[in-house]
Every structure is written in structure tokens, then in C-alpha cells.
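Following: one structure in C-alpha cells, then a few remarks.
In my numbering, the protein residues as written are 3 to 144.
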């Protein structure tokens, strides 16, 4: 199993918002760990992802490093950037309010753990949400 190729398929489907393709990369028991305390299932993750692109429609990512641990896991560093266009919601809660014209750039780490069929079982994201919010707030105040 080529975990690097799987990672590329997952990343391509997500960043291009090809949700059916992205769904096919996920295991039945898929779980996304957005923060240490927020865990989402597949449908919740799709809602989060759609909400992310609604809030930041010009969002783009660049992978700056890729680490293969074995045939069941891959980790990668990402630099993401975008502009606020709407509120960002999760589960009916407003997480990040819209700041017209506000931009951000964040660095974060993502870890994918695969099942025996090469589908993503666990998707962990290590993102400093405070930095994201402070950039959007600072840009909005400027």
C-alpha cells in the first residue's frame, strides 16, 4: 500500500471539494479529530469541510513536508491561507465570525491513519485555532 499516493488522493479530493471522491477515501469508522476535544464522524466532517470553504472560498494549501511512518500512517505539514467571506459554523455554533476582507495564513500538521484497505480511519489535525482567530481579528481591526 502506497501511503503517499493515498495521502495525495485524500488531499486532492478535499482541496478540490470533490466530496464524493473524498468520501471514498474514508473508512466506515472514519473519525476526524479537529482539536483535542472535538471529534467528528464522516458526515460531520463533510459539513465542517463545506462550511470551511463557504467561510473561506479562496482557501488554498501547500504541503511543506511529508512523513511516512509505515504502511498505515502518513503525516504532513501544511501552510494554508484564505480570506474571510462568511461565518464559520460547526454543529450550529459560530466558531469564527466573518471579518470582511480579513486574511490568514496558518501552519498545521495532519496525520492520517489508514485501515487494512488503505482508507482513512483516523484523521488528526493539529492546528492552532487561536492563531487563526487572532489573524482574522487583527486583519479586521486594521
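C-beta: ideal position from N, C-alpha, C; glycine also. Small disclaimer: the values here were computed from a predicted structure and weren't measured.
### Task
Within the same chain, show all residues whose beta-carbon is closer than 8 angstroms to that of residue 54, passing over the 5 residues directly before and after it, in chain order.
Within its own chain, the residues whose Cβ lies closer than 8 angstroms to the Cβ of residue 54, once the five positions on either side in sequence are excluded, are 61, 90, listed in chain order.
### Query
Using the C-alpha atoms, what's the distance from residue 49 back to residue 39?
Rounded to whole angstroms, residue 39 to residue 49 spans 18 angstroms at the Cα level.
### Message
What residue range does the alpha helix (DSSP H) around residue 51 cover?
### Response
First-last of the alpha helix (DSSP H) with residue 51: 44-57.
### Query
What distance in whole Å lies between the Cβ atoms of residue 131 and residue 105, which are believed to be in contact at a cut-off of 8 angstroms?
In this structure, residue 105 and residue 131 do not form a Cβ contact; the two beta carbons are roughly 16 angstroms apart against a cut-off of 8 angstroms.
#### Entry: Under the three-state DSSP convention, the category residue 104 falls into
Coil.
### Task
Grab me the residues of residue 33's own chain with a C-beta within less than 8 angstroms of its C-beta, minus the 5 sequence neighbours each way, in chain order.
Excluding positions up to five away in sequence, the list reads 41, 42, 43, 123, 124, 125.
### Task
Apply the 10 Å Cβ neighbour rule to residue 144 and answer buried if 16 or more other Cβ atoms are within range, or exposed otherwise.
Caution applies to residue 144, whose pLDDT of 47 falls short of 50 and renders its modelled position unreliable; the model cannot decide the point.
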